[in-house]
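Asks: Numbering (my numbering), first residue to last: 84 to 229.
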Amino acid sequence: MNMKNILLILITISFGPFINAQDLSTLDKVTTVEFVETTIDYGKIEKGSNGVRTFTFKNTGEHPLKIYNIYSACNCDIVSQPEEPIAPGKTGEIKVKYDTEKVGPIVKTITANTNTKEKLIPLNLIGEVLPANTDEDNEENEKMKM
Numbered sequence: 084m085n086m087k088n089i090l091l092i093l094i095t096i097s098f099g100p101f102i103n104a105q106d107l108s109t110l111d112k113v114t115t116v117e118f119v120e121t122t123i124d125y126g127k128i129e130k131g132s133n134g135v136r137t138f139t140f141k142n143t144g145e146h147p148l149k150i151y152n153i154y155s156a157c158n159c160d161i162v163s164q165p166e167e168p169i170a171p172g173k174t175g176e177i178k179v180k181y182d183t184e185k186v187g188p189i190v191k192t193i194t195a196n197t198n199t200k201e202k203l204i205p206l207n208l209i210g211e212v213l214p215a216n217t218d219e220d221n222e223e224n225e226k227m228k229m
């Protein structure tokens with residue numbers, strides 16, 4: 084081995100631990116969270132109804148709660164979510180909006196990615212969107228009552 088290779092090996096060995104070490108102060112500490120409800124039941128709602136609902140939660144741990152992302156693979160949008168960490172003992176909200184233009188059963192899940200032990204927390208939406216009651220339907224119902 085020549086001197087250049089030996090020097091390269093010594094430098095790599097010397098700086099290796101610094102390159103791979105993580106700054107523990109930047110790691111998110113694990114906390115706990117409690118949702119008022121993890122399933123929102125829309126019940127039977129009419130097509131075109133207001134589809135906004137709110138999941139309310141409380142940080143029950145000792146460290147700030149962070150919600151990194153909320154994944155939605157359904158006909159719903161995330162209207163709002165906390166941008167800043169939630170302090171211990173404080174509450175927060177995640178607002179979702181289901182697309183009520185789609186008639187049929189609602190069985191959907193969104194997932195909150197957090198700094199809790201579970202990391203991924205499923206939040207469920209259930210219910211049924213019924214066809215809108217039109218004026219023709221109302222007239223037909225009135226005729227049937229006579």
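Every residue gets a Cβ at the ideal spot worked out from N, C-alpha and C, and that includes glycine.
Nearest CA to the CA of Y154: which residue from L208, P214, I193 and A215?
Replies: Looking up residue 154 in the sequence shown gives position 71. Nearest option by C-alpha distance: I193.
Asks: In the DSSP assignment, what are the bridge partners of D124?
Replies: In the sequence shown, residue 124 corresponds to position 41, counting from 1. I209.
Asks: With P188 as the anchor, note down where its beta strand (DSSP E) starts and where it stops.
Replies: As a first step, residue 188 must be located in the sequence shown, where it is residue number 105. That run of the beta strand (DSSP E) goes G187 to T197.
Asks: Beta carbon of P165, beta carbon of I177: below 9 Å?
Replies: Position 82 of the sequence shown, counted from the first residue, corresponds to residue 165. Position 94 of the sequence shown, counted from the first residue, corresponds to residue 177. Going by C-beta atoms, P165 is nearer than 9 Å to I177.
Asks: Mind checking whether G230 and T174 have CB atoms under 9 Å apart?
Replies: Because the chain is modelled from 84 through 229, residue 230 falls outside the range shown and cannot be assessed.
Asks: With DSSP as the reference, identify every bridge partner of T139, one or two as the case may be.
Replies: Locating residue 139 in the sequence shown gives position 56, counting from the first residue. Beta-bridge pairing links T139 to E176.
Asks: Quick check: what's the CA-CA separation for D160 versus K149?
Replies: Residue 160 sits at position 77 when you count from the first residue of the sequence shown. Residue 149 sits at position 66 when you count from the first residue of the sequence shown. Going from the Cα of D160 to the Cα of K149 covers about 20 Å.
Asks: Can you name, in chain order, every residue of its own chain whose Cβ lies under 7 Å from the Cβ of P214, other than the five neighbours on each side?
Replies: Against the sequence shown, residue 214 aligns to sequence position 131. K130 and V186, listed in sequence order.
Asks: Which whole-angstrom value is the C-beta distance of Y151 and N196, which I expect to be below 8 Å?
Replies: If you number the sequence shown from 1, residue 151 lands on position 68. If you number the sequence shown from 1, residue 196 lands on position 113. About 5 Å separates the two Cβ atoms, so the contact holds.
Asks: Along the chain, where does the beta strand (DSSP E) that runs through S163 open and close?
Replies: Here residue 163 refers to the residue found at position 80 of the sequence shown. Segment C159 to S163, the beta strand (DSSP E) holding S163.
Asks: Measure the alpha-carbon distance for K191 versus I209 and round it to whole angstroms.
Replies: Locating residue 191 in the sequence shown gives position 108, counting from the first residue. Locating residue 209 in the sequence shown gives position 126, counting from the first residue. Whole-angstrom Cα-Cα distance: 7 Å.
Asks: How big is the Cα-Cα spacing for K112 and N198?
Replies: In the sequence shown, the residue the question calls residue 112 occupies position 29. In the sequence shown, the residue the question calls residue 198 occupies position 115. Each residue's Cα considered, the two are about 7 Å apart.
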